[in-house]
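K.L.:
The end of the sequence shown is residue 666 by our numbering, with every number in the run present.
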Amino acid sequence: MANVNKTPGKARRAEVAGGGFAGLTAAIALRQNGWDVRLHEKSSELRAFGAGIYLWHNGLRVLEGLGALDDVLQGSHTPPTYETWMHNKSVSKETFNGLPWRIMTRSHLHDALVKRARAVGVDIRANSEAVAADPQGRLTLQTGEVLEADLIVGADGVGSKVRDSIGFKQDRWVSKDGLIRLIVPRKKKELGHGEWDNTIDMWNFWPRVQRILYSPCNENELYLGLMAPAADPRGSAVPIDLEVWVEMFPFLEPCLIEAAKLKTARYDKYETTKLDSWTRGKVALVGDAAHAMCPALAQGAGCAMVNAFSLSQDLETGSSVEDALLDWEKRIRPTTDRCQALSGDYAANRSLSKGNMFTPAALEAARYDPLRRVYSWPQ
Numbered sequence: 288m289a290n291v292n293k294t295p296g297k298a299r300r301a302e303v304a305g306g307g308f309a310g311l312t313a314a315i316a317l318r319q320n321g322w323d324v325r326l327h328e329k330s331s332e333l334r335a336f337g338a339g340i341y342l343w344h345n346g347l348r349v350l351e352g353l354g355a356l357d358d359v360l361q362g363s364h365t366p367p368t369y370e371t372w373m374h375n376k377s378v379s380k381e382t383f384n385g386l387p388w389r390i391m392t393r394s395h396l397h398d399a400l401v402k403r404a405r406a407v408g409v410d411i412r413a414n415s416e417a418v419a420a421d422p423q424g425r426l427t428l429q430t431g432e433v434l435e436a437d438l439i440v441g442a443d444g445v446g447s448k449v450r451d452s453i454g455f456k457q458d459r460w461v462s463k464d465g466l467i468r469l470i471v472p473r474k475k476k477e478l479g480h481g482e483w484d485n486t487i488d489m490w491n492f493w494p495r496v497q498r499i500l501y502s503p504c505n506e507n508e509l510y511l512g513l514m515a516p517a518a519d520p521r522g523s524a525v526p527i528d529l530e531v532w533v534e535m536f537p538f539l540e541p542c543l544i545e546a547a548k549l550k551t552a553r554y555d556k557y558e559t560t561k562l563d564s565w566t567r568g569k570v571a572l573v574g575d576a577a578h579a580m581c582p583a584l585a586q587g588a589g590c591a592m593v594n595a596f597s598l599s600q601d602l603e604t605g606s607s608v609e610d611a612l613l614d615w616e617k618r619i620r621p622t623t624d625r626c627q628a629l630s631g632d633y634a635a636n637r638s639l640s641k642g643n644m645f646t647p648a649a650l651e652a653a654r655y656d657p658l659r660r661v662y663s664w665p666q
């Protein structure tokens, strides 16, 4: 891991818009390479949105490079297998040839990154919303203040104002399905006999399309992803329609009762965003601002973190910032593009219901080692 302030002379300055996983990763990695980094979060505090999250080998290696891995491993979980059910019968169990993976709450991962950002000296500004940027290296805040920097990182999500202020060309499309993501108590005793430490991807196509991705985060917390078509008013209802979910998944009733109590639940349709470019001058886009993807391969956060970390690596080559950003995108983008495309295809065709769908192509992004810059795991 690089030492903070290792570069002699005046440190380069980076302004990072967005305090999610991508923004925090970029900020920590740049700071460890000697940059002065200021991170802007529009909310009054840094906090994670959503419920649970999967990280694979690629994302875990980023955490190692950031010095945050040990904190994340405590309080997270690796299931023995990823099991797929069709109509409540097991059709596959996958172990990914030993490829590391981990499930956790989003708040657990976010807290570890915030802790590390503060430890290395990232200047974190809450209530500070970036509303525009320009390729010359200026970031405009909602207050009207204009900040000059050697690098602007747009990590401000799928509705990125940094991106839209510059005018990146983009294609965006939405899937027919969506997901309700919830954290509930595990209720292992109440569930009774069963392999409840596994991830279990439960699919039903009759009498209606409903899916539950059952994902244990630790001994006490369970991440549930409840999928239904947007056109299904009962399956997509929030708070969840307890009757319609228990009818299809009666064995999960203790957990679903807890899920029905959550009044702040959201139904989100799967969304994909593809840009003509991730860079313009001294501006780089990372995370959902650059490449929002369907969650079928559980690589949205992993790719975001890898790309943000890799950005800091390529800025150390001695090239100008503008040239380094172009080289970074050329080097790192193809893997993300392929992952995004396959994830979208899987989501559109509900391919994961077949089981054994984590093929070498599906695990390409997961196998990448950003510290060594190689695909280090056997296929």
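For every residue, glycine included, the Cβ atom is placed at its ideal position computed from N, Cα and C.
It should be emphasised that the depicted structure is a prediction, and the values quoted were computed from it without experimental measurement.
1) Between residue 651 and residue 431, what straight-line distance do the alpha-carbon atoms span, to the nearest angstrom?
2) In angstroms with no decimal places, state the Cα-to-Cα distance between residue 633 and residue 644.
3) Quick check: the region 421 to 436 against the region 521 to 533, are there 3 or more CB pairs under 8 Å?
4) In chain order, what are the residue ranges of uninterrupted alpha helix (DSSP H) at least 4 long that sit wholly in the region 504 to 582?
5) Alpha carbon to alpha carbon, what distance is there between residue 543 and residue 594?
6) Considering just the uninterrupted stretch of the alpha helix (DSSP H) at residue 472, what are its terminal residues?
7) I'd like to check one pair, residue 419 with residue 449: are the Cβ atoms closer than 9 Å?
8) Could you check where the beta strand (DSSP E) with residue 324 kicks off and where it finishes?
9) Going by beta-carbon coordinates alone, are residue 411 and residue 326 separated by less than 9 Å?
10) Kindly list the residues whose CB is nearer than 6 Å to the CB of residue 483, restricted to its own chain and excluding five residues on each side of it in sequence; keep chain order.
11) Let's see if you can read the secondary structure: which residues bound the beta strand (DSSP E) around residue 441?
12) Looking at C-alpha atoms only, which residue of 341, 382 and 441 is the closest neighbour of residue 307?
13) Check each candidate in 349, 311 and 464 and name the one with the smallest Cα separation from residue 518.
14) Would you say residue 501 faces chain B, with C-beta separation under 9 Å as the test?
15) What first and last residue would you give for the alpha helix (DSSP H) that runs through residue 347?
16) Looking only at C-alpha atoms, which of 302, 604 and 656 sits nearest to residue 409?
17) Can you tell which of 479, 539 and 299 has the C-alpha that lies nearest to the C-alpha of residue 424?
18) On the DSSP bridge assignment, give the partners of residue 417 in chain order.
19) I need the straight-line Cα distance from residue 368 to residue 486, nearest angstrom please.
20) Examine the Cβ distances between the region 582 to 601 and the region 307 to 323 and report whether three or more of them are shorter than 8 Å.
P.N.:
With the given structure in hand:
1) Going from the Cα of residue 651 to the Cα of residue 431 covers about 43 Å.
2) Rounded to the nearest angstrom, the two C-alpha atoms are 9 Å apart.
3) No, because fewer than three Cβ pairs between the region 421 to 436 and the region 521 to 533 fall closer than 8 Å, the two stretches do not touch.
4) List check, alpha helix (DSSP H) in window: 529 to 535, 540 to 547 and 575 to 578.
5) Rounded to the nearest angstrom, the two C-alpha atoms are 36 Å apart.
6) For residue 472, no alpha helix (DSSP H) segment is defined; the enclosing uninterrupted segment is the beta strand (DSSP E) at 457 to 472.
7) Yes, the pair counts as a contact, with Cβ atoms nearer than the cut-off.
8) 323 to 327 is the span of the beta strand (DSSP E), which, as asked, contains residue 324.
9) Less than 9 Å divides the Cβ of residue 411 from the Cβ of residue 326.
10) Hits under 6 Å: 475.
11) Segment 438 to 441, the beta strand (DSSP E) holding residue 441.
12) By alpha-carbon distance to residue 307, the top candidate from 341, 382 and 441 is 441.
13) Checked all of 349, 311 and 464; the closest Cα to residue 518 is 464.
14) Protein chains in the displayed structure number just one, and chain B is not present.
15) Note, residue 347: alpha helix (DSSP H), 344 to 353.
16) Selected option, being the one with the closest Cα: 302.
17) When only C-alpha atoms are compared, the closest one is 299.
18) Beta-bridge pairing links residue 417 to 428.
19) Taking the straight line from one Cα to the other gives about 6 Å.
20) With a cut-off of 8 Å, the region 307 to 323 and the region 582 to 601 count as touching, because enough Cβ pairs lie within range.
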